[in-house]
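Peer 1: Below you will find the structure I want to go over with you.
Residue numbers (this note's numbering): 35 to 706.
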């Protein structure tokens, strides 16, 4: 095996949605919606789609996104939520505010302490409102006709009954009884592990047969597709999971392809973030598990092609790079800003790469971005999502623990752990962010479900992404590792348990037993937002951390219920597919087996039913793609040890980028 609370809402009190909220009516000028509608149509291109969260359920029923790739879906979702298409009708605006449970937040420069939404601002006439509303509907009509979005993302205008279901309260579905919480025997645990291993093998066999060398498998149409530059994302993402589960023949075959055939010269605009967490992280994890140094060499070759993305006036990297031409850029849909979770999620991989190669360049570049944020906002924990790589200043006041924000916070904690708890900057930034999250964004719904909301332009949006289900695992890890102690650690653990329960409810309340991509919390209760499911791992990630740190059997029971739903509704002829609508009793497949299903989802399931000894949480840190990286001595300690070694064996090594390295292609001299 691998060695491997309660928070406060506005003004310091946690609020229930719809209760004690200071709702303000927002109005738009008569001509603004039509102008913005035109701008939306002009901006729609190969990589962007503008929709708006304020389009009512009645006006855009059943509208949801089905993606050919996780990264594309995240960005389409963000655009669908964040564009500024306004609906003019005052009555529509009132209903939208009630549905969102919007509240005006105070306290701190990012939370709108100077916001004034006076009633006299709502002066649009009924005639103007109707005209503006019609403009919005026209945009929706045009958008619904689009079939392709960028790299395979599709806009799917649902028909028939699903129109009526869009935004349906979760409580309106027939509710299943809670599963009994029972302890399992060793034989029963072994049986469940084998079931997960069988799922992994089924996923791998389909990829091997129909998509070998491609990034991802289409398990229904039986073909491969590329959304990550054709680097074999599934192949690399699956390496450590195959090894962990004991599929050594499969691992050996995949590793041979990575070593000899992985292409680096394909002209493709790749996500810097996705390439680092999946490809670089996957190969570094394989190295840490096996000791194969060539894995580090290949990871370094990929990383070197990414480095030009850091050539900006501020050192904040750009989001996209062509690995063949090494030309980097930012997309136009966010005013060419860089994204928090993207530049804030290189640190683990680049630190480990510097450690393994002896070249400190990677670690210094990635760490520089965090130090920039620390200098820019030294007393602020929560960070906006977008920053200019030219000026180094934030561009949009939006805060989210979902898409485009999530893993930045995860890596603050995990960098502190990976470095052996040496640099308190990371830990203190993480603690400050968690305290602010609890104070500003944690709420309890009418039904008693605890969730983390979003902040957008001086309003709190009561929306909870499945992606945010990583938060409880992160909180539990922080409490376990000593990042916080005493009463605060206990409060973090209580909140982690409450949030994990909400994540499970997102599955348990759906007819299919699968979670939607996100839900909203309204005065009436939990509502389905985007109804598709992409085989995401975050809820299972939370359950694994909670199981390991509490040994409460309910987390294993909940995880098994989710796995059974995957088996029933996601299993396809040649693998596992996402589904288009979790509200359906028999949902339709989206024909994509995400590479993270093998890297993360099945890994967390396997670990949930394995002994604690199978993974040492004090010696390994999982990156955001669940690739295990070995916790090791700080680089400075390795330098001191190498200097001592040099005195004994002079002339055997050289200095590279401020670090001592061997004379053999910059390889690390550090050995554990």
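C-beta atoms are modelled at their ideal positions from N, C-alpha and C, and glycine is treated no differently.
Taking residue 288 as the reference, give the member of 243, 305, 531 and 390 with the closest Cα.
Peer 2: Taking the chain shown and counting its residues from 1, one reaches residue 288 at position 254. If we check each option's Cα against that of residue 288, 243 comes out closest.
Peer 1: Count the CB pairs spanning the stretch 545–553 and the stretch 508–518 that are closer than 8 angstroms, and state whether there are at least three.
Peer 2: no
Peer 1: Could you check whether the stretch 251–262 touches the stretch 620–630, counting it as contact only if at least three pairs of C-beta atoms, one from each stretch, sit closer than 8 angstroms?
Peer 2: yes
Peer 1: For the beta strand (DSSP E) containing residue 305, name the first residue and the last one.
Peer 2: Here residue 305 is taken as the residue at index 271 of the chain shown, counted from 1. Start and end: 303–305.
Peer 1: Should residue 588 be labelled buried (16 or more other beta-carbon atoms within 10 Å of its own) or exposed?
Peer 2: Stepping through the chain shown from its first residue, residue 588 is reached at position 554. Under a 10 Å Cβ-count criterion, residue 588 is classified as buried, with 16 or more other Cβ atoms of the shown protein chains found around its own Cβ.
Peer 1: Tell me, which residues are paired with residue 392 by DSSP?
Peer 2: Your numbering for residue 392 matches position 358 in the chain shown. Its beta-bridge partners do not exist; DSSP assigns none.
Peer 1: Take residue 203 and list the residues in its own chain whose beta-carbon comes closer than 6 angstroms to its own, dropping the five residues that flank it on each side.
Peer 2: The residue labelled residue 203 in the question sits at position 169 within the chain shown. Closer than 6 angstroms at Cβ, skipping near neighbours: 558, 559 and 561.
Peer 1: Grab me the residues of residue 359's own chain with a C-beta within less than 7 angstroms of its C-beta, minus the 5 sequence neighbours each way, in chain order.
Peer 2: In the chain shown, residue 359 corresponds to position 325, counting from 1. 301, listed in sequence order.
Peer 1: Our contact map puts residue 542 next to residue 595 with C-beta atoms below 8 angstroms; I'd like the distance itself, whole angstroms only.
Peer 2: One-based indexing of the chain shown puts residue 542 at position 508. One-based indexing of the chain shown puts residue 595 at position 561. Rounded, the Cβ-Cβ distance is 7 angstroms, consistent with contact.
Peer 1: Any heavy atom of the ligand PLP closer than 7 angstroms to the CB of residue 561?
Peer 2: This structure lacks the ligand PLP; in fact it carries no ligand of any kind.
Peer 1: Quick check on the DSSP output: the alpha helix (DSSP H) that includes residue 450 runs from which residue to which?
Peer 2: For this step, residue 450 is matched to residue 416 along the chain shown. It spans 440–452 - the alpha helix (DSSP H) in which residue 450 sits, taken as one unbroken run.
Peer 1: Among 389, 526 and 539, which has the Cα closest to the Cα of residue 665?
Peer 2: The residue given as residue 665 occupies position 631 in the chain shown. When only C-alpha atoms are compared, the closest one is 389.
Peer 1: Does residue 662 come out as helix, strand or coil in the three-state DSSP assignment?
Peer 2: Locating residue 662 in the chain shown gives position 628, counting from the first residue. Residue 662 falls in the strand class under three-state DSSP.
Peer 1: Check whether the stretch 313–320 touches the stretch 347–356, taking contact to mean three or more Cβ pairs, one atom from each stretch, closer than 8 angstroms.
Peer 2: no
Peer 1: In angstroms with no decimal places, state the Cα-to-Cα distance between residue 583 and residue 330.
Peer 2: Mapped onto the chain shown, residue 583 falls at position 549. Mapped onto the chain shown, residue 330 falls at position 296. Taking the straight line joining both Cα atoms gives about 32 angstroms.
Peer 1: So for residue 340, helix, strand or coil by DSSP?
Peer 2: Along the chain shown, read from residue 1 onward, the residue named residue 340 stands at position 306. Note: residue 340 maps to helix in three-state DSSP.
Peer 1: Taking DSSP's pairing of strands, which residues face residue 356 in a bridge?
Peer 2: Residue numbering aside, residue 356 sits at position 322 when the chain shown is read from its first letter. Its beta-bridge partners are 303.
Peer 1: When the Cα of residue 457 is compared with those of 367, 446 and 466, which residue comes out closest?
Peer 2: Here the question's residue 457 lines up with position 423 in the chain shown. Minimum Cα distance to residue 457 is reached at 446.
Peer 1: In angstroms with no decimal places, state the Cα-to-Cα distance between residue 416 and residue 219.
Peer 2: For the purposes of this step, residue 416 is taken as the residue at position 382 of the chain shown. For the purposes of this step, residue 219 is taken as the residue at position 185 of the chain shown. Straight-line Cα distance between these residues: approximately 44 angstroms.
Peer 1: Count the other CB atoms, across all protein chains shown, that sit within 10 Å of the CB of residue 615; report buried if there are 16 or more and exposed otherwise.
Peer 2: Sequence index remark: in the chain shown, residue 615 carries index 581 (1-based). Label assigned to residue 615: buried.
Peer 1: Less than 8 angstroms between the CB atoms is what I'm expecting for residue 534 and residue 496, so what's the real figure, rounded?
Peer 2: Within the chain shown, numbered from 1, the residue matching residue 534 stands at position 500. Within the chain shown, numbered from 1, the residue matching residue 496 stands at position 462. The beta-carbon distance between residue 534 and residue 496, rounded to whole angstroms, is 19 angstroms. This is too long to meet the 8 angstroms contact definition.
Peer 1: Is the distance from the Cβ of residue 508 to the Cβ of residue 442 below 8 angstroms?
Peer 2: Numbered from 1 along the chain shown, position 474 holds the residue referred to as residue 508. Numbered from 1 along the chain shown, position 408 holds the residue referred to as residue 442. Contact: no.
Peer 1: From residue 363 to residue 347, what does the alpha carbon distance come to, in whole angstroms?
Peer 2: Stepping through the chain shown from its first residue, residue 363 is reached at position 329. Stepping through the chain shown from its first residue, residue 347 is reached at position 313. Taking the straight line joining both Cα atoms gives about 13 angstroms.
Peer 1: Give me the Cα-Cα distance between residue 418 and residue 455, rounded to the nearest whole angstrom.
Peer 2: Counting from 1 along the chain shown, the entry for residue 418 is found at position 384. Counting from 1 along the chain shown, the entry for residue 455 is found at position 421. The alpha-carbon atoms of residue 418 and residue 455 are separated by roughly 26 angstroms.
Peer 1: Measuring CB to CB, does residue 2 end up less than 8 angstroms from residue 453?
Peer 2: The structure shown has nothing for residue 2, since the chain only spans 35 to 706.
Peer 1: Taking the alpha-carbon positions, what's the residue 483 to residue 573 distance?
Peer 2: On the chain shown, residue 483 is found 449 positions in, with the first residue counted as 1. On the chain shown, residue 573 is found 539 positions in, with the first residue counted as 1. If you take the alpha carbons of residue 483 and residue 573, they lie about 15 angstroms apart.
Peer 1: Return the Cβ separation of residue 642 and residue 578 in integer angstroms, given the expectation that the two are a contact with Cβ distance under 8 angstroms.
Peer 2: By 1-based counting over the chain shown, the position of residue 642 is 608. By 1-based counting over the chain shown, the position of residue 578 is 544. Here residue 642 really is in contact with residue 578; their C-beta atoms are around 5 angstroms apart, less than 8 angstroms.
Peer 1: Residues in its own chain within less than 7 angstroms of residue 275 by CB, not counting five upstream and five downstream?
Peer 2: Translated into positions along the chain shown, residue 275 becomes position 241. So the qualifying residues of the chain are 234, 632, 633, 636 and 637.
Peer 1: Starting from residue 250, follow the beta strand (DSSP E) in both directions and report where the run begins and ends.
Peer 2: What you label residue 250 is simply residue 216 of the chain shown in a count that begins at 1. Element bounds for residue 250: 250–252.
Peer 1: Kindly indicate which three-state DSSP category residue 520 falls into: helix, strand or coil?
Peer 2: Walking along the chain shown from the start, residue 520 turns up at place 486. Helix.
Peer 1: My parser needs the beta strand (DSSP E) runs of 3 or more residues fully inside the stretch 594–638; what are they?
Peer 2: none
Peer 1: Give the straight-line distance between the Cα atoms of residue 492 and residue 485, rounded to the nearest whole angstrom.
Peer 2: Position 458 of the chain shown, counting from 1, holds the residue named residue 492. Position 451 of the chain shown, counting from 1, holds the residue named residue 485. Cα to Cα, the separation comes out at about 19 angstroms.
Peer 1: Is the beta carbon of residue 571 closer than 8 angstroms to that of residue 660?
Peer 2: Position 626 of the chain shown, counting from 1, holds the residue named residue 660. Position 537 of the chain shown, counting from 1, holds the residue named residue 571. For residue 660 and residue 571, yes; Cβs fall inside 8 angstroms.
Peer 1: I believe residue 399 touches residue 460 by the beta-carbon criterion, under 8 angstroms. Please report the beta-carbon distance rounded to the nearest angstrom.
Peer 2: Sequence index remark: in the chain shown, residue 399 carries index 365 (1-based). Sequence index remark: in the chain shown, residue 460 carries index 426 (1-based). That pair is no contact at about 16 angstroms.
Peer 1: From what residue to what residue does the alpha helix (DSSP H) around residue 275 run?
Peer 2: Here residue 275 is taken as the residue at index 241 of the chain shown, counted from 1. Taken as a continuous stretch (DSSP letters only), the alpha helix (DSSP H) holding residue 275 covers 267–279.
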